[in-house]
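Numbering-wise, my numbering comes out as the position in the sequence shown, counting from 1, plus 1385. Just so it is clear, CB atoms sit at the ideal spot from N, CA and C, and this is done for glycine as well. Keep in mind the model is a prediction, meaning the values are calculated, not measured.
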Amino acid sequence: MIVHVLDEKPTGPADDPGPRDPQDVPEVAAPPHGTDQVREVGDPATDDAAAPDVAAPDGAEPDGAEPDGAEPDGGRLDPDADLEQFEPAPPSPRAIVLSFGTLVAAVLVGILAVIPAPYAVNGPGPTKDVLGEVGGDPLIEVSGAETYPSTGELLLTTISGVGGPGYPARLLNVLGGWISPDSVVRPVETVYPQDVSQEELDESNAGLMVSSQENAVVAALTELGYEVPATLVVAGTVEGTDAEGKLEEGDVLTALDGEPLPDYQTLVSALQEVDPGDTVTLTVNRHSRTVDVPIVTGEREGGGAQIGVFVDPSFDMPIDVSINIEGIGGPSAGTMFALGLVDLLTPEDEADGEVVAGTGTIDVTGAVGPIGGIRQKLAGAVRDGATWFLAPSENCDEVVGHVPDGLRVVEVSTLREAREALVAIGAGTGDDLPTCTAD
């Protein structure tokens, strides 16, 4: 059985909200220079006219009289002497060295900020509370069913990256990535396919995000007991399997060994009971005709059999669910979308005030899959206040030894396990939950 969306590890920073320019620094107004402030006329500190009227003591010259020895121009000093008195002192050698050093540093930073480098740099990206709001609207919006408030937060996590088609990294980005313990720097060709444009990558990531949202809704509703009817359309066959040449693109699967296939989960469950190598009969609707096709099954990773077809299900949702999010692509938010929808549709306050982050792809059966950038997502989660993190079991080898202080990681492989973990965390009984350990 081949799931219709291949939830593989992204080959690049699929959750990238966009590059950031390290030169975008806010301007700060310079402070006033103390004694160089201008005082208004009438300031007692500078204007003799503001002094109080006091009688002159005996022997003092009256106002307007020139004291003995005053210059005939009214007491002003010689202009040449005046200039000599206020001529600034020459800068010290140390000040010259410091000024030159500052100039050199500024020039170097400018050069590093514009020279491209053949690397991709990934760091912690922003998080989003799937139980919260975006622009005044719920991130997950439900119509046709009652929803319930939650006092906790469920954070989807992302990575922020620079480098690759359309967004070349600069030497300054690379140096910053090498210095930061939460970033990773890799040769760009090991992250991105070299024959793919940025537009193609963006389009792919957007498509993966849409698929992950649909998968999440189906998985969550199925977990809660809803029936989600589906039309199972063949999108292609796997090369080298018995289905190749027997099933056609556009065939609609209607039955397996005579048993109707009203939804995707029924097909998956039926194949789990079949031994690899057994022959099954698929009933398909082809060009308005019913055709029975015998298929020799193959072995499915994780148990059961597969029929060697790509299926593109078209779902008939029992309720309307909209997920309002922009600027994030890729499939890795699926698990948190599904968990958030489950929490919204159940009366229990499952998170109960806890801040729980997580990641993981999800398929329509509720299986949680691996993702990229798990270490950067751990760092982003603890930065934004999470104390728990739900990680895909298949990412555990990357998690061990890299968990930030103050964060506890729970490994999950299904939506059911993620939901049970959330309930235990909210109830204060999460100490015994499984975590990632070294093999």
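Asked: Measure from the alpha carbon of Q1583 to the alpha carbon of each residue in T1750, A1604, N1600 and Y1552, then state which is nearest.; Found: Y1552
Asked: Report the partner residues of I1525 according to the DSSP bridge assignment.; Found: I1708
Asked: Could you tell me if Y1649 is buried or exposed, where buried requires 16 or more neighbouring beta carbons within 10 angstroms of its beta carbon?; Found: buried
Asked: Compare the C-alpha of L1641 against each of E1684, Q1657 and G1743 and name the closest.; Found: Q1657
Asked: Taking the CB atoms as reference points, tell me whether F1700 and V1788 lie closer together than 7 Å.; Found: no
Asked: Quick check on the burial criterion: 16 or more other C-beta atoms within 10 angstroms. Buried or exposed for Q1579?; Found: exposed
Asked: Can you give me the Cβ contacts of L1800 inside the same chain, cut-off strictly under 6 Å, excluding the 5 residues immediately before and after it?; Found: A1604, E1608, A1723 and G1751
Asked: At the level of alpha carbons, what is the spacing between I1810 and G1770?; Found: 15 Å
Asked: Please report the straight-line C-alpha distance between E1538 and G1758, rounded to a whole angstrom.; Found: 22 Å
Asked: For E1644, does the three-state DSSP call read helix, strand or coil?; Found: strand
Asked: Give the single residue among E1779, V1694, G1683 and Q1598 whose Cα lies nearest to the Cα of G1630.; Found: V1694
Asked: Cβ of V1808 within 7 Å of Cβ of L1792?; Found: no
Asked: Identify the continuous beta strand (DSSP E) that holds D1677 and give its terminal residues.; Found: R1674 to V1681
Asked: Excluding the five sequence neighbours on either side, which residues of its own chain have a C-beta within less than 7 Å of the C-beta of V1388, listed in chain order?; Found: Interpretation of V1388 is limited by its pLDDT of 43, a score under 50 that renders its predicted location unreliable; the figure taken from the coordinates is listed afterwards. Here the set comprises D1748.
Asked: Have a look at S1535 and N1590 and give me their C-alpha separation to the nearest angstrom.; Found: 30 Å
Asked: Should V1753 and T1720 be called a contact, given that it needs their Cβ atoms to be closer than 7 Å?; Found: yes
Asked: Just to confirm the assignment, what range does the alpha helix (DSSP H) spanning G1765 have?; Found: I1759 to R1768
Asked: On the DSSP bridge list, what partners appear for N1507?; Found: G1546 and V1569
Asked: State yes or no: is the C-beta of E1779 nearer than 6 Å to some heavy atom of the ligand GDP?; Found: Among the components modelled here there is no ligand, and therefore nothing to report on the ligand GDP.
Asked: Compare the beta carbon distance of T1622 and L1632 with 7 Å and say whether it is the shorter of the two.; Found: yes
Asked: Distance cutoff 7 Å, beta carbons only. Does A1803 sit that close to anything in chain C?; Found: Considering every chain present, this structure includes no chain C. It has just one protein chain.
Asked: Near G1714, which residues of its chain fall below 6 Å by C-beta distance, leaving aside the five closest residues on each side in sequence?; Found: A1399, N1590, A1591 and M1594
Asked: Taking the alpha helix (DSSP H) that R1801 falls in, what are its first and last residues?; Found: L1800 to G1811
Asked: Note down the Cα distance separating T1668 from G1689, rounded to an integer number of angstroms.; Found: 20 Å
Asked: Once the 5 residues before and after D1734 are set aside, which same chain residues still bring their CB inside 6 Å of it?; Found: S1535 and T1536
Asked: Out of curiosity, what's the CA-to-CA distance linking P1509 and V1619?; Found: 38 Å
Asked: For the pair the stretch 1502 to 1516 and the stretch 1570 to 1579, tell me if three or more CB-CB distances fall below 8 Å.; Found: yes
Asked: Round the Cβ separation of T1682 and V1696 to the nearest angstrom and send it over; I've been treating them as touching at under 8 Å.; Found: Not confirmed; about 15 Å, so no contact.
Asked: Could you check whether P1732 and Y1533 sit closer than 7 Å to each other, using their CB atoms as the reference points?; Found: yes
Asked: Helix, strand or coil for D1782? Go by DSSP, reduced to three states.; Found: helix
Asked: Cα separation between P1698 and L1652?; Found: 11 Å
Asked: Can you tell which of G1743, V1659 and H1672 has the C-alpha that lies nearest to the C-alpha of P1716?; Found: G1743
Asked: Taking just the CA atoms, how far does E1739 sit from T1772?; Found: 8 Å
Asked: Tell me, to the nearest whole angstrom, how far the beta carbon of T1820 is from that of E1796; I am working on the premise that it is less than 8 Å.; Found: 6 Å
Asked: Could you tell me which residues DSSP pairs with N1558 in its beta bridges?; Found: Its beta-bridge partners do not exist; DSSP assigns none.
Asked: Which class does T1651 belong to by DSSP, given the choice of helix, strand or coil?; Found: helix
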